[in-house]
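Visitor:
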Amino acid sequence: MSSFNLTRIVTFSPFYTLVNKSSYELEVGELLSQTATRWHYVPSTEVRRTGSRTRSVSEPGPFRSPAVVLQCLPLWPENGSNKLCVRVVGSLSHSKFFFFSQQDNGTLLSMDMSLQCGGIMVDINVSNHATIISFSEYYDGAAPALLINHTPWATISYRQSGSEVTHKLEPCEARRFAWDDPAGTRKLCWSCKEHSGELDLQFTYDGQAQIHWVSFLDGRQRVLLFTEDTGVVTRARQSEELEQFQQELKVSLQNLGLSLINNGNRQEIAYIGITSSGVVWEFKPKNRWKSFSQKNINQLEKVYQSQLSGKTEGGWVRLDSNLEVNLRPAIMMMRQPHSCPVRRNFLSGIQVEFKRSLHQRIARCESLTVSSASSEPKPFIDVSVITRFNQHSNVTQIKYFMALVQEMALKIDQGFLDAVAALFRDLKRLQAEPTDASLSDVSGLSFFEHFHISPVKVTSVLLSLLDETEFI
Numbered sequence: 253m254s255s256f257n258l259t260r261i262v263t264f265s266p267f268y269t270l271v272n273k274s275s276y277e278l279e280v281g282e283l284l285s286q287t288a289t290r291w292h293y294v295p296s297t298e299v300r301r302t303g304s305r306t307r308s309v310s311e312p313g314p315f316r317s318p319a320v321v322l323q324c325l326p327l328w329p330e331n332g333s334n335k336l337c338v339r340v341v342g343s344l345s346h347s348k349f350f351f352f353s354q355q356d357n358g359t360l361l362s363m364d365m366s367l368q369c370g371g372i373m374v375d376i377n378v379s380n381h382a383t384i385i386s387f388s389e390y391y392d393g394a395a396p397a398l399l400i401n402h403t404p405w406a407t408i409s410y411r412q413s414g415s416e417v418t419h420k421l422e423p424c425e426a427r428r429f430a431w432d433d434p435a436g437t438r439k440l441c442w443s444c445k446e447h448s449g450e451l452d453l454q455f456t457y458d459g460q461a462q463i464h465w466v467s468f469l470d471g472r473q474r475v476l477l478f479t480e481d482t483g484v485v486t487r488a489r490q491s492e493e494l495e496q497f498q499q500e501l502k503v504s505l506q507n508l509g510l511s512l513i514n515n516g517n518r519q520e521i522a523y524i525g526i527t528s529s530g531v532v533w534e535f536k537p538k539n540r541w542k543s544f545s546q547k548n549i550n551q552l553e554k555v556y557q558s559q560l561s562g563k564t565e566g567g568w569v570r571l572d573s574n575l576e577v578n579l580r581p582a583i584m585m586m587r588q589p590h591s592c593p594v595r596r597n598f599l600s601g602i603q604v605e606f607k608r609s610l611h612q613r614i615a616r617c618e619s620l621t622v623s624s625a626s627s628e629p630k631p632f633i634d635v636s637v638i639t640r641f642n643q644h645s646n647v648t649q650i651k652y653f654m655a656l657v658q659e660m661a662l663k664i665d666q667g668f669l670d671a672v673a674a675l676f677r678d679l680k681r682l683q684a685e686p687t688d689a690s691l692s693d694v695s696g697l698s699f700f701e702h703f704h705i706s707p708v709k710v711t712s713v714l715l716s717l718l719d720e721t722e723f724i
């Protein structure tokens, strides 16, 4: 909405839009009832047509003549079913219905094979102000899974969870799997003789049955392999997780100080100091060391220093927090509330870890901060990345990406910002025009299995100590 003088202009735009990125002319159907479907013609980006046409299923008539390229078409739903289907122009059969109001990063819809269109990909991008429904052609790796029956005698039965349609995977057969009901539960059910399971295509290895199965990525294609050859399963697992690291690098900095100085006026603008945590007491209940709370750390350190100086005798001691520990250097145990070893340690201010194997890279970087008195020291910033490289694919597989930032309070003076701006003002002269190589650089595809970034809330209040003016 905009206005000037005495006139106010109100513009209405559709919330749902349809985009056809494929080479096929498509019709998108909206489910009105069990027997009625409302169809919208969506031209291909390669066909020069204009406008959209609405008709019933049985209505005949030619389409509009070619005119100009149309990038997207509006969709105005008539009911609350939130389901659509798609078909190629000239075909009487259509795909299964799918929800168009939910985020979907790519679902393969089975189509009529007689038109040489095996499938259409639908991608739904939902935001606060618009929802874009895009259709594109099938590409290698678009199927939810590639099922391979490596056994010489067993037949595998599989179906979608909640669906009555059952498929057979014969011995020594490979077949791509697509959802029979895209709007249903997206889990794969399989059975072989007395063994069965329900999987969400994020598998782990099961070696208890005579027929083993393993899942892995081949480029962008998820592969599910059934076999009775344990050697095949072992090699597939070793390539994923059991691969030995060839290089390992760890860098720990106990303290780090950075000073920012303006050489022009010989003024120190900022000093950043990162220090270690000091003494940290840890316990090992299972396979990993965990820190005590800051309150327990203070009590343990007080008892340890008292025994070290000879003021108190060593042995089992009960603390105010009901911890019962023995802090003798040769023992270092806790028996209440858990029976496990303890140790006296400290956490580095900055710690960087890098591991490398033939197909994997693992990197982790964390910077320490000291939280409140009731909490143990935690990393202020913790970034972990696990990437995998396939010799037969250019797709970078990022198996794990996590970035955590602890809650913080940051106060910056307006004078400090002005000093930093003046310091880096000369760097504008070094900015050059982008070269042809940088303009033509196109990064490759990346596949993320686990991606997590902690929510960050920023409240900005700028204060100036010179004029005592507050800017929000």
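Residue numbering for the sequence shown follows the working numbering, starting at 253 and increasing by one per position.
A virtual CB, placed ideally from N, CA and C, is assigned to each residue, including glycine.
#1: According to the neighbour-count rule (16 or more other Cβ atoms, all chains shown, within 10 Å of its Cβ), is residue 344 buried or exposed?
#2: Between residue 510 and residue 521, which are expected to be in contact by the criterion C-beta below 8 Å, what is the C-beta distance as a whole number of angstroms?
#3: Evaluate the contact criterion for the segment 261-279 versus the segment 340-357: three or more CB pairs, one atom per stretch, below 8 Å.
#4: Using three-state DSSP, classify residue 534 as helix, strand or coil.
#5: Just the Cα atoms here: how many angstroms apart are residue 550 and residue 608?
#6: Evaluate contact between the segment 367-377 and the segment 407-420, counting only Cβ atoms and requiring at least three cross-stretch pairs below 8 Å.
#7: What span of residues does the alpha helix (DSSP H) with residue 506 cover, start to end?
#8: Quick one, are the C-beta atoms of residue 669 and residue 514 less than 7 Å apart?
#9: Can you have a look at residue 523 and say buried or exposed, based on whether 16 or more other CB atoms are within 10 angstroms of its CB?
#10: If I'm right that residue 706 touches residue 598 with Cβ under 8 Å, what's the distance once you round it to whole angstroms?
#11: For residue 332, which of helix, strand or coil comes out of DSSP?
#12: If you follow the alpha helix (DSSP H) that residue 551 is in, where does it begin and where does it stop?
#13: Do the segment 551-566 and the segment 574-583 meet, that is, are 3 or more Cβ pairs less than 8 Å apart?
#14: Which residues in the same chain as residue 564 place their Cβ atom closer than 8 Å to its Cβ, once the five residues preceding and following it in sequence are excluded?
#15: Considering Cα atoms alone, identify which of 496, 610, 536, 423 is closest to residue 587.
#16: Residue 433 to residue 369, Cα distance in whole Å?
#17: Counting only the same chain and skipping the five closest in sequence on each side, list residues whose C-beta sits under 7 Å from that of residue 449.
#18: Determine the burial state of residue 401: buried for a count of at least 16 other Cβ atoms within 10 Å of its Cβ, exposed for fewer.
#19: Where do the N-terminal and C-terminal ends of the beta strand (DSSP E) with residue 700 fall, by residue?
#20: For residue 637, which of helix, strand or coil comes out of DSSP?
#21: Output needed for residue 384: all residues of its chain with C-beta closer than 7 Å, excluding positions within five of it in sequence on either side, in chain order.
#22: Checking 7 Å against the spacing of the C-beta atoms, do residue 653 and residue 672 come in under that value?
#23: Write down the C-beta distance between residue 633 and residue 508 rounded to the nearest angstrom, noting that I regard them as a contact closer than 8 Å.
#24: Could you please give the first and the last residue of the uninterrupted alpha helix (DSSP H) stretch that includes residue 669?
#25: Apart from the five residues just before and just after residue 585, which ones in its own chain have a Cβ nearer than 8 Å to its Cβ?
#26: For the putative contact between residue 397 and residue 429, defined by C-beta atoms under 8 Å, what is the C-beta separation to the nearest angstrom?
#27: Could you tell me how far apart the beta carbons of residue 612 and residue 640 are, in whole angstroms, since I believe they sit closer than 8 Å?
#28: Does the Cβ of residue 404 have 16 or more other Cβ atoms within 10 Å, making it buried, or fewer, making it exposed?
#29: Could you check where the beta strand (DSSP E) with residue 594 kicks off and where it finishes?
#30: To the nearest angstrom, report how far apart residue 438 and residue 445 are at their CA atoms.
#31: Which residues in the same chain as residue 359 place their Cβ atom closer than 6 Å to its Cβ, once the five residues preceding and following it in sequence are excluded?
#32: If you compare alpha carbons, which of 605, 353, 418, 423 is closest to residue 505?
#33: Is it right to say residue 294 is buried, meaning 16 or more other beta carbons lie within 10 angstroms of its own, or is it exposed?
Guide: In terms of the structure at hand:
#1: exposed
#2: About 11 Å separates the two Cβ atoms, so there is no contact after all.
#3: yes
#4: strand
#5: 39 Å
#6: no
#7: It is not in any alpha helix (DSSP H) - residue 506 carries neither H nor E in the DSSP assignment.
#8: no
#9: exposed
#10: Not really, about 25 Å apart at Cβ, beyond 8 Å.
#11: coil
#12: 546-560
#13: yes
#14: 555, 558
#15: 536
#16: 19 Å
#17: 442
#18: buried
#19: 698-700
#20: strand
#21: 269, 271, 377
#22: no
#23: Incorrect: roughly 13 Å between the Cβ atoms, too far for contact.
#24: 666-675
#25: 577, 578, 591, 592, 593, 594
#26: 5 Å
#27: 5 Å
#28: exposed
#29: 592-597
#30: 23 Å
#31: 374, 434
#32: 605
#33: buried
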